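Just so we're aligned, residue 26 is where the sequence shown starts under my numbering, counting upward by one.
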Amino acid sequence: MASTHDTAARGAQVLVASNRGPVSYTVGEDGSLHSKRGGGGLVSGLSAIGPEAGALWVCSALSDGDREAVRRGVGEEGVRMLPIPADVHADAYNGIANSVLWFIHHLLYQTPLEPAFDAEFRRQWASYEMYNRAFAEALAQEAGQGAAVLVQDYHLCLVPGMLRGLRPDLRIGHFSHTPWAPVDYFGLLPQDIREQLVRGMLGADRLGFLTHRWAAAFSACVQATDLELAPRMGQAGVPESFQSVPGWKGPGHRTWIAVHSLGADAEFLRERSHRPDVEERIAALREEIGGEGRRTIVRVDRTELSKNIVRGLLAYRQLLDDHPEWHERVVHIAFAYPSRQDLAVYRDYTAEVARLSAEINERYGTPGWTPVLLNLEDDFARSLAAYRLADVALVNPIRDGMNLVAKEVPVVSDEGCALVLSREAGAYWELGEDAIVVNPYDILETARALHEALTMKPEERAERAKRLAAAGTALPPAQWFLDQLTALRDLQPS
Numbered sequence: 026m027a028s029t030h031d032t033a034a035r036g037a038q039v040l041v042a043s044n045r046g047p048v049s050y051t052v053g054e055d056g057s058l059h060s061k062r063g064g065g066g067l068v069s070g071l072s073a074i075g076p077e078a079g080a081l082w083v084c085s086a087l088s089d090g091d092r093e094a095v096r097r098g099v100g101e102e103g104v105r106m107l108p109i110p111a112d113v114h115a116d117a118y119n120g121i122a123n124s125v126l127w128f129i130h131h132l133l134y135q136t137p138l139e140p141a142f143d144a145e146f147r148r149q150w151a152s153y154e155m156y157n158r159a160f161a162e163a164l165a166q167e168a169g170q171g172a173a174v175l176v177q178d179y180h181l182c183l184v185p186g187m188l189r190g191l192r193p194d195l196r197i198g199h200f201s202h203t204p205w206a207p208v209d210y211f212g213l214l215p216q217d218i219r220e221q222l223v224r225g226m227l228g229a230d231r232l233g234f235l236t237h238r239w240a241a242a243f244s245a246c247v248q249a250t251d252l253e254l255a256p257r258m259g260q261a262g263v264p265e266s267f268q269s270v271p272g273w274k275g276p277g278h279r280t281w282i283a284v285h286s287l288g289a290d291a292e293f294l295r296e297r298s299h300r301p302d303v304e305e306r307i308a309a310l311r312e313e314i315g316g317e318g319r320r321t322i323v324r325v326d327r328t329e330l331s332k333n334i335v336r337g338l339l340a341y342r343q344l345l346d347d348h349p350e351w352h353e354r355v356v357h358i359a360f361a362y363p364s365r366q367d368l369a370v371y372r373d374y375t376a377e378v379a380r381l382s383a384e385i386n387e388r389y390g391t392p393g394w395t396p397v398l399l400n401l402e403d404d405f406a407r408s409l410a411a412y413r414l415a416d417v418a419l420v421n422p423i424r425d426g427m428n429l430v431a432k433e434v435p436v437v438s439d440e441g442c443a444l445v446l447s448r449e450a451g452a453y454w455e456l457g458e459d460a461i462v463v464n465p466y467d468i469l470e471t472a473r474a475l476h477e478a479l480t481m482k483p484e485e486r487a488e489r490a491k492r493l494a495a496a497g498t499a500l501p502p503a504q505w506f507l508d509q510l511t512a513l514r515d516l517q518p519s
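Structural data, given as structure tokens:
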């Protein structure tokens, strides 16, 4: 590694670190490499600051194609992929990030049986440390003097603390895209692991969360963790504003806690949803829906355990039981795209979604009416087509950091849609006033909410959708990123 002085002289001034980067590679049959560019808020944000900003994105090489690109020295300017060994990445990503930290923050464990923090967990935790260390060392090597580093999500909780030790001159931010666990649930983790996670996060100058609720939960976990560097806060929780608040004083620096909601990109969604490929899928969907004037209940999700797709289907079945008048008059469009299928519990969950959908169709369906249109193949244009046709959007997660689908459907829907929204989605705090709010565990309540949404007068539905769209696009992705970058750069030295 170059010296800090040499690195600072030539290094990047803005760095983003995330597990997945903005580009991915595949190897063709002839051995040629092909790249595919991704999208999202981080990509928009880095584009917004312009090429003169000297930005660099540090990410993992996730696939064989990515690793081959690194081996050949092929890559996009402004992106550094880390060739973390595949087995180490699998342990860190699937073994810890997705099977432990995700489950902790989304309250997903069946506690009579899990978790069980055994020798295998400790082996995988060592890989999570190695994976985080690889990022910290790469960032330390690439960053210019006093650069701003924005670390993303639960995959990289240890990076801020590790990077602080390597490069105390840097301004380090970390953003959590997930909820943060309440104290008792965070307490399921072994004490030394809790302390490592808290110390790692507190290495940042600034910690960002999607809602006050998640920020307050983190603050409570810090208070409950016995660390000399983290004395109790003078005030309780986070104030009712989106301003930064003083957090925790550590050795040589102070951590600030902030809230940055994330909105939908209205301009992009409205333009993209009227392209020819979407129009083609609208025509195909209308044919599948069939029947003049049939209403639609739309959900678009990954088959992620926290998204609560199974209970959504149970609520729809209850609606058909309780209100036979909706037979032949409503169709549930359920796009449930595969997620983490290398984990058995996710494969089982996807299978249950398919089984229950088939059961509903067999029980209620007629030759001219398929009650559930389930599709498990990812297709963004088809998702936008469903958005446009939505009379009702169903967003009922068990727990969700934000949930952009809740914000996107009202923006795109042609006639304005009603939103049935879980109180456990981060989006609830912005959209709850104009949504029909449900307890995600309550099947009967959700069924009643679906009926209320379907019977809502068109003018009320349209007015609510306008307000939902305005609230849901108040902080588009590029602005969300730039606000964090500006706040990090503006911090005064401790």
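The C-beta atom is built at its ideal place from N, Cα and C for all residues, glycine as well.
All of these numbers come straight from a predicted model, not from anything done at the bench.
Tell me the residue span of the beta strand (DSSP E) that contains Lys61.
58 to 62
Express the C-alpha separation of Ser244 and Arg231 in angstroms, rounding to a whole number.
13 Å
Do Pro108 and Asp290 count as a contact pair if the criterion is CB distance below 8 Å?
no
Pull up the DSSP beta-bridge partners for Asp326, would you.
Ala361
Is Gly36 helix, strand or coil by DSSP?
coil
Please state the DSSP three-state secondary structure of Met106.
strand
Would you identify the three-state DSSP class for His285, choosing helix, strand or coil?
coil
In the DSSP assignment, find the unbroken beta strand (DSSP E) run with Val417 in it and report its ends.
417 to 420
Distance, Cα to Cα, Arg365 vs Thr51?
19 Å
Taking buried to mean at least 16 other C-beta atoms within 10 Å of its own C-beta, is Thr480 buried or exposed?
exposed
By how many angstroms is the C-alpha of Cys84 removed from the C-alpha of Ala249?
32 Å
Which runs of the alpha helix (DSSP H), 4 residues or longer, sit entirely within the region 177 to 203?
184 to 191
Please give me, in chain order, every unbroken run of the alpha helix (DSSP H) with length at least 4 that falls completely inside the region 464 to 495.
468 to 480
Taking Ala361 and Thr328 to be in contact with their CB atoms under 8 Å, please state how far apart those CB atoms are, rounded to whole angstroms.
5 Å
Own chain residues within Cβ distance below 6 Å of Arg486, not counting five before or after
Gly441, Ala443
Under the assumption that Pro215 contacts His131 (Cβ atoms under 8 Å), give the Cβ distance between them as a whole number of angstroms.
19 Å between Cβ atoms; not a contact.
Just checking, does the region 171 to 186 make contact with the region 36 to 53 on the three C-beta pairs under 8 Å criterion?
yes
To which residues of the same chain is Ala161 closer than 7 Å at the C-beta, ignoring the five residues directly before and after it?
Val184, Met187, Leu188, Leu191
Is Ser447 helix, strand or coil when you go by DSSP?
strand
With C-beta atoms as the reference, is Pro396 less than 8 Å away from Val356?
yes
Starting from the N-terminal side, write out each stretch of the beta strand (DSSP E) that is 3 residues or longer and does not extend beyond the region 209 to 247.
231 to 234
State yes or no: is the C-beta of Arg196 within less than 8 Å of the C-beta of Gly169?
no
Does the distance from the CB of Leu399 to the CB of Ala379 come in under 8 Å?
yes
Going along the chain, which residues of its own chain have a beta-carbon closer than 6 Å to the beta-carbon of Ala206, five neighbours each way excluded?
Ile129, His130
Going by beta carbon distance, what residues of the same chain come within less than 8 Å of Asn123, once the five residues before and after it are set aside?
Arg365, Leu368
Which word fits Asp116, buried or exposed, when buried means at least 16 other C-beta atoms lie within 10 angstroms of its C-beta?
buried
Compare the Cα-Cα distances from Gly90 to each of Leu81, Ser49, Gly79, Ile218 and report the closest residue.
Ser49
For the region 280 to 297 against the region 315 to 334, are there 3 or more C-beta pairs whose distance is under 8 Å?
no
Is it a yes or a no for the region 379 to 388 touching the region 336 to 354, going by three-plus beta-carbon pairs under 8 Å?
yes
Taking the runs of the beta strand (DSSP E) that are 3 residues or longer, which of them lie wholly in the region 354 to 416?
355 to 362, 397 to 400
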